Amino acid sequence: MKKSLLFISFMTAIVILGGGICPSKAADMLSSDALEARLSEAASVSDLVTYAYQKNPSVRAAREGWRATVEKYRLITAYPDPQLMVTYFPEPIQTRLGPQDWNASLSQMIPYPGKLEKAGEIVQADARVARLNLDKTVRDVTVLILESFHELGYIREAKRIAAQNITLLDHLRKAGETAYAQDRAAFLDVVKAQSQSAQLRYDALLLDELELTEMTRLNGLLNRPPDAPVGHLEKLPFRAITRSPEDICHLAETNQEEIRMAQTRVEKADAQTELARYQNLPSFKVGIFYASIGSPEVSTPPPDAGQDAVGIQFGVSLPLWSGKNDGRMERARAEAERFRAVKTARILETRTRIYNLFFRLQNAQRLISLYRDQMLPQAAKSMEMAETWFREGEGSFSDFAETQSAFYNFQLSLARAGADYGKYLVRLEKLAGETLTENFSSHSQEKSPAGDNPGEERPMTSARR
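In the working numbering, each number is its position in the sequence shown, counted from 1, plus 41.
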């Protein structure tokens, strides 16, 4: 339970340097109105997760489900309600002591000692499962928010690149038309520049629609109106993974909510097996009986005539039907084996997903290094050389335009790889149940996936993936 709560606290600020903020505490720190105003201006991960913890209907449903299960404990472990039975005789029954007008009995069923405690253990297991389900729901919503955060960040970066590229391509197109008029460029080169400019305008329109779609998805997770504004997204530092796939698998077996839920259900099934044994034992019933006796209508009544009757009752159930009793035991054993198999299957599935995501994460990191450290510097040098040669009349306009297009497309690919890296890392940490990285602020400033100069001009030829 403590590890699960720790992981939920971590997930609320999974990409924040210098610590996290637990959503349950953050909910007390900021009101919904204050968070709404902040999200409209600048959206941070901690604010988004805190808002979702307060407003997301799935989280509320899981939280109330947990509370309902906790309250069930008092119902299951309490004695059955006592029974009061009153009998009235319209025509009194004649007894030796006189007519019996009515009688009453009060009885209480008492389960076999230990049966209610064992039933309470089953409810406690249900409560642990419900709490783990709450943690799982918060975790899943947090992961979806982080994935949407990374995707929205990429789309906005791509929009900025496209806008700057449109401006530069318009400048190149005019330069190409001038060069064509001076017989320094071919007509085909001018047409190519014009088509690239038209493609970029289409990409800009496409990115506008993608941004609205992603904002709708994010607002849906926050239970906000679809068109609610999402302000500037905070810049997240690059986080290098510090665990091997095998280490992550061991962490998942210990921390992952689904695996822990399966283990808790195994414990519940074992408790049900013990409860089945108690159900094969008798229950007891104790009570008191009272009968009202009237005065007899005889000439010589007995000395104790008209005396009311009082009696003590005791009963016991007889679990005679062996077939039903054996069925309870076998059912409980089968449930225990079923959930053991479910746990094993979940572990195997998790291992497969971890290795798959680890490969994708490493590949995204390799792409970041490739574009940032090799492709972009080489493309920048090629672009400078092509521009110099074109202005000196030694190179073609087509070479100049192609090198610029390649350079800015590499910038876009770098942004895509950075967003993918963040999404794969979040999914891996979801499976592991805890952080897998160490934050290095100085390193992230020196080598950010977005490049050394996020404000430089970065046109592109296509934003479609």
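The beta carbon of each residue, even a glycine, is placed where N, CA and C say it ideally should be. None of these values were measured; they are calculated from a predicted model.
Per-residue DSSP class, three states only, for residue i
i      : result
LEU125 : strand
LEU322 : coil
GLU275 : coil
VAL351 : strand
THR429 : helix
LEU147 : strand
CYS63  : Low confidence applies here, because CYS63 scores a pLDDT of 43, under 50, leaving its location unreliable; read the following figure in that light. Three-state result, CYS63: coil.
GLN452 : helix
ASP142 : strand
THR478 : strand
GLU308 : helix
THR178 : helix
PRO267 : coil
TYR412 : helix
TYR507 : Nothing about residue 507 can be reported from this structure: the residues present for the chain run from 42 to 506 only.
TYR331 : strand
ALA281 : strand
GLY356 : strand
ALA119 : coil
ALA346 : coil
THR385 : helix
Inter-residue spacing [alpha-carbon to alpha-carbon] between residue i and residue j
i      : j      : result
ALA203 : GLU252 : 14 Å
ILE334 : ILE134 : 9 Å
GLY347 : SER336 : 5 Å
VAL383 : LEU173 : 16 Å
ALA166 : LYS276 : 42 Å
ALA145 : TYR114 : 32 Å
THR110 : ALA102 : 12 Å
VAL170 : THR305 : 7 Å
PRO343 : GLU132 : 22 Å
ASN206 : ALA421 : 15 Å
LEU389 : MET302 : 15 Å
GLY161 : ALA373 : 16 Å
THR385 : ALA377 : 13 Å
SER423 : LEU187 : 37 Å
ILE117 : GLY364 : 25 Å
SER73  : GLU112 : 29 Å
VAL184 : LEU76  : 19 Å
ARG468 : VAL90  : 16 Å
TYR129 : ILE353 : 20 Å
Own chain, CB closer than 7 Å to residue i, minus 5 neighbours either side, in chain order
i      : result
ARG258 : SER189
ILE409 : LEU455, ALA458, GLY459, TYR462 and PRO490
GLY194 : LEU274 and ALA460
ARG407 : none
ASN264 : LYS96, ASN97 and PRO98
LEU147 : PRO123, LEU125, GLY328 and ILE329
ALA405 : ALA458, ASP461, TYR462 and TYR465
Buried/exposed call for residue i, threshold 16 Cβ in 10 Å
i      : result
LYS177 : buried
TYR243 : exposed
ILE196 : buried
SER87  : buried
LEU210 : buried
HIS191 : buried
TRP362 : exposed
SER238 : buried
PRO137 : Going by the sequence as given, residue 137 is Arg instead of Pro. It is exposed - the Cβ of ARG137 has fewer than 16 other Cβ atoms within 10 Å.
GLU198 : buried
PHE380 : buried
THR444 : buried
Cutoff 6 Å; reference residue i; Cβ partners in own chain excluding five residues on either side
i      : result
ASN321 : PRO360 and ASN366
LYS156 : TYR319
Close-in-space but distant-in-sequence residues of the same chain around residue i (CB under 8 Å, 5 per side omitted)
i      : result
LEU472 : ILE289, ALA293, GLN297, THR391, ARG394, ILE395 and LEU398
VAL100 : ALA93, TYR94, LEU175, THR178, VAL179 and VAL182
PRO323 : TYR153, VAL357, SER358, LEU359 and PRO360
Cutoff 8 Å: residue i Cβ touching any chain C Cβ
i      : result
ASN321 : Among the protein chains of the structure shown there is no chain C, as only one such chain exists.
Next item on the list: Report yes or no: do the region 389–408 and the region 311–323 share at least 3 C-beta pairs separated by less than 8 Å?
Entry: Between the region 389–408 and the region 311–323 there are fewer than three inter-stretch CB-CB distances shorter than 8 Å, so the stretches are not counted as touching.
Check: Are the region 143–159 and the region 111–123 in contact at 8 Å, needing three or more beta carbon pairs?
Finding: Result yes; three or more Cβ-Cβ pairs closer than 8 Å.
Check: Do three or more CB pairs link the region 81–92 to the region 261–274 at distances below 8 Å?
Finding: They touch, by the three-pair rule.
Check: So, do the region 354–366 and the region 279–297 have three or more beta carbon pairs nearer to each other than 8 Å?
Finding: Contact fails: fewer than three Cβ-Cβ distances are below 8 Å.
Checklist line | Three or more C-beta pairs below 8 Å linking the region 416–433 and the region 236–251 | finding: The region 416–433 vs the region 236–251: no contact.
Notebook entry, point to check: Taking one C-beta from the region 465–481 and one from the region 282–300 each time, how about it: are there three or more such pairs within less than 8 Å?
Noted result: Judged by Cβ distances under 8 Å, the region 465–481 makes contact with the region 282–300, as three or more pairs qualify.
Notebook entry, point to check: Do the region 443–452 and the region 411–422 make contact, defined as three or more Cβ pairs closer than 8 Å?
Noted result: Touching, per the Cβ criterion.
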